[in-house]
Amino acid sequence: MAVTGSPELLIVMGQSATADQTEHVLSRLAEHGVEARVQRGREATVIGAIGDREQLALLPLEGYPGVEQVLPILKPYKLVGREIAPDPTVIDVEGRRLGDGWFGLIAGPCTVEYREQTLETARAVAAAGATWLRGGAFKPRTSPYTFQGIGFDALEILREAKEETGLPIVTELMDPRHVEAVLETADVIQIGARNMQNFVLLAEVGRAEKPVLIKRGPSASVEELLMAAEYVAKEGNHQIVLCERGITTFERSTRYTLDLGSVAVLKKETHLPVIVDPSHAAGRRDLVLPLARAAVAVGADGIIVESHPRPEEALCDGPQQIPSDEFGEFAAEVHSFVALMGKEVG
Ligand code: PEP
Ligand code: MN
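When the sequence shown is numbered by my numbering, its final residue is 349 and no position is left out of the sequence of numbers.
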């Protein structure tokens, strides 16, 4: 359900509250035109009451049977914050899980260039235990003169790769006019770093019924990333994965500066899963494994990594792509770190 007001209150039901008591609160809220989001957590049932402050003030919420506490939601991100949903969100795509102990190993080419390149990579990453397949059809490039992706033809190739490997597809949506076509192929819709604050696009994917992977803008704050997710959640889509992919700093030895602190902060602030993209952060393949290890150690719920059968021939991001025939070794190393953290590759 799309949210129209701004969520203002959290109604925490006591541990011994009955289902009828929760229903009673919900029907009182509905009578006053207040929308509610119910989260049945491990510890307690929490109702987020979303509506006008004045309407909410008319309700004697604290007096309703079963209600333990009524609290204001203080953070600007209401739906994606921990307050409304203390339990972690798990994204399940055809049985491949990510979040709450399930680690996502998302891998594939930067860009779908041609059929064999994508299929070869898909086979290699699938054999190495990847959980989702990534691949760009429409590419956001800094220069309008560089390769922009092969677009709709790429979507067809990705469908074939899925058919052969069974891996769900993650691909970027850049233009709201492509939403239908991309949704036909994508199991997870990627919102690229440069579009993180494209609010029209965010609202569009908020109305889609597929998970959305939002990459942090190179100059965006953690709070701005959370607000981008809030745009999606506000439209009713709560299946969101956040991705730290490095930010712009004065440092030039890596392509971006991987802000691992943001992962630790995000894990505290939001119930949404958080992943790391060590490939774009590093910009060079020799650093992808150390950064991937660090991502696992800081508590990321997954990584998204680029691989190509012949990186030296890649039309985009060659220097950071892991040769497909070395991907198995890379993945084995990641798997052992994931196990060390007590998690499992989804
Ligand atoms: C990508 O993952 O394909 C990509 C373009 O990354 P970013 O949006 O983070 O630059
Ligand atoms: Mn890339």
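Ideal placement from N, C-alpha and C gives every residue a C-beta, glycine not left out. As the structure is a computational prediction, the values presented were derived from the model and not from experiment.
Note to self: Taking DSSP's pairing of strands, which residues face Val244 in a bridge?
What the structure shows: For the purposes of this step, residue 244 is taken as the residue at position 241 of the sequence shown. According to DSSP, Val244 shares a beta bridge with Leu216.
Margin query: Counting C-beta neighbours from all protein chains within 10 Å, is the total for Leu216 16 or more, i.e. buried, or is it exposed?
Written below: Sequence index remark: in the sequence shown, residue 216 carries index 213 (1-based). It counts as buried.
Check: Just checking my contact of Asp190 with Ile172 at CB under 8 Å: how many whole Å lie between their CB atoms?
Finding: Position 187 of the sequence shown, counting from 1, holds the residue named residue 190. Position 169 of the sequence shown, counting from 1, holds the residue named residue 172. The pair is a contact, with the Cβ atoms about 5 Å apart (cut-off 8 Å).
Item checked: Assumed close pair Gly302, Val266 - CB separation to whole angstroms, cut-off 8 Å -> Taking the sequence shown and counting its residues from 1, one reaches residue 302 at position 299. Taking the sequence shown and counting its residues from 1, one reaches residue 266 at position 263. Distance from Gly302 to Val266 at the Cβ level is roughly 6 Å; contact confirmed, criterion being Cβ atoms closer than 8 Å.
Item checked: Every unbroken alpha helix (DSSP H) inside the region 39-118 [4 residues or more] -> Inside the region 39-118, DSSP marks whole alpha helix (DSSP H) runs of 4 or more residues at positions 56-60, from first to last along the chain.
Checklist line | Sub-8 Å separation of Leu82 and Ala236 beta-carbons | finding: By one-based count along the sequence shown, residue 82 stands at place 79. By one-based count along the sequence shown, residue 236 stands at place 233. Judged by their CB atoms, Leu82 and Ala236 are nearer to each other than the 8 Å cut-off.
Margin query: If you measure from each CB to the nearest heavy atom of ligand 1 and keep those under 5 Å, what residues do you get, in chain order?
Written below: Selection output, chain order preserved: Gly139, Gly195, Ala196, Lys218, Arg248, His283.
Check: Is the number of C-beta pairs between the region 239-251 and the region 212-229 that are closer than 8 Å three or more?
Finding: A contact exists between the region 239-251 and the region 212-229.
Next item on the list: Measure from the C-beta of Glu65 to each C-beta in chain D and report whether the shortest distance is under 8 Å.
Entry: The question asks about chain D, but that chain is absent: this structure has only one protein chain.
Check: Are the region 65-82 and the region 9-28 in contact at 8 Å, needing three or more beta carbon pairs?
Finding: As far as the Cβ criterion goes, the region 65-82 touches the region 9-28, which means the pair count is three or higher.
Note to self: Looking at ligand 2, does it come within less than 7 Å of Glu309, judged from the CB to the closest heavy atom?
What the structure shows: Here residue 309 corresponds to residue number 306 of the sequence shown, with the count starting at 1. Here the distance from the Cβ of Glu309 to the nearest heavy atom of ligand 2 is below 7 Å.
Item checked: CB-CB length for Ile192 against Leu205, believed under 8 Å -> In the sequence shown, counting from the first residue as 1, residue 192 sits at position 189. In the sequence shown, counting from the first residue as 1, residue 205 sits at position 202. Contact between Ile192 and Leu205 fails: their C-beta atoms lie close to 11 Å from each other, not under 8 Å.
Next item on the list: Would you mind stating whether Leu108 and Val337 have Cβ atoms separated by less than 8 Å?
Entry: Counted from its first residue, the sequence shown places residue 108 at position 105. Counted from its first residue, the sequence shown places residue 337 at position 334. In this structure, Val337 lies closer than 8 Å to Leu108 by Cβ.
Next item on the list: Would you mind working out which of Val182, Pro276, Ala317 sits nearest Thr149, comparing C-alpha positions?
Entry: As a first step, residue 149 must be located in the sequence shown, where it is residue number 146. Nearest of Val182, Pro276, Ala317 to Thr149, Cα basis: Ala317.
Next item on the list: Name, in chain order, the residues that DSSP records as bridge partners for Thr260.
Entry: For this step, residue 260 is matched to residue 257 along the sequence shown. For Thr260, which the question treats as bridged, DSSP gives the partners Ile250.
Next item on the list: Measure the C-alpha to C-alpha separation of Val41 and Leu12 and round it to an integer number of angstroms.
Entry: For the purposes of this step, residue 41 is taken as the residue at position 38 of the sequence shown. For the purposes of this step, residue 12 is taken as the residue at position 9 of the sequence shown. A direct Cα-to-Cα measurement between Val41 and Leu12 gives close to 12 Å.
Margin query: Rounded to the nearest angstrom, what separates Arg313 and Gly321 at their Cα positions?
Written below: In the sequence shown, residue 313 corresponds to position 310, counting from 1. In the sequence shown, residue 321 corresponds to position 318, counting from 1. Straight-line Cα distance between these residues: approximately 8 Å.
Check: Secondary structure at Glu238, three-state DSSP: helix, strand or coil?
Finding: In the sequence shown, residue 238 corresponds to position 235, counting from 1. Glu238: coil per DSSP, three-state reduction.
Margin query: Under 8 Å: do the region 119-135 and the region 327-344 share three or more Cβ pairs, one atom per stretch?
Written below: The region 119-135, when compared against the region 327-344, does touch it at the 8 Å Cβ threshold.
Note to self: Just to confirm the assignment, what range does the beta strand (DSSP E) spanning His283 have?
What the structure shows: Position 280 of the sequence shown, counted from the start, is the residue given in the question as residue 283. According to the DSSP assignment, His283 belongs to no beta strand (DSSP E) but to the alpha helix (DSSP H) extending over 281-285.
Next item on the list: List in chain order the residues whose CB is within less than 5 Å of at least one heavy atom of ligand 2.
Entry: Every residue whose Cβ sits closer than 5 Å to any heavy atom of ligand 2 is listed here in chain order: Cys113, Asp320.
Check: If you pair each beta-carbon of the region 150-170 with each one of the region 76-92, do three or more pairs fall below 8 Å?
Finding: The region 150-170 is not in contact with the region 76-92.
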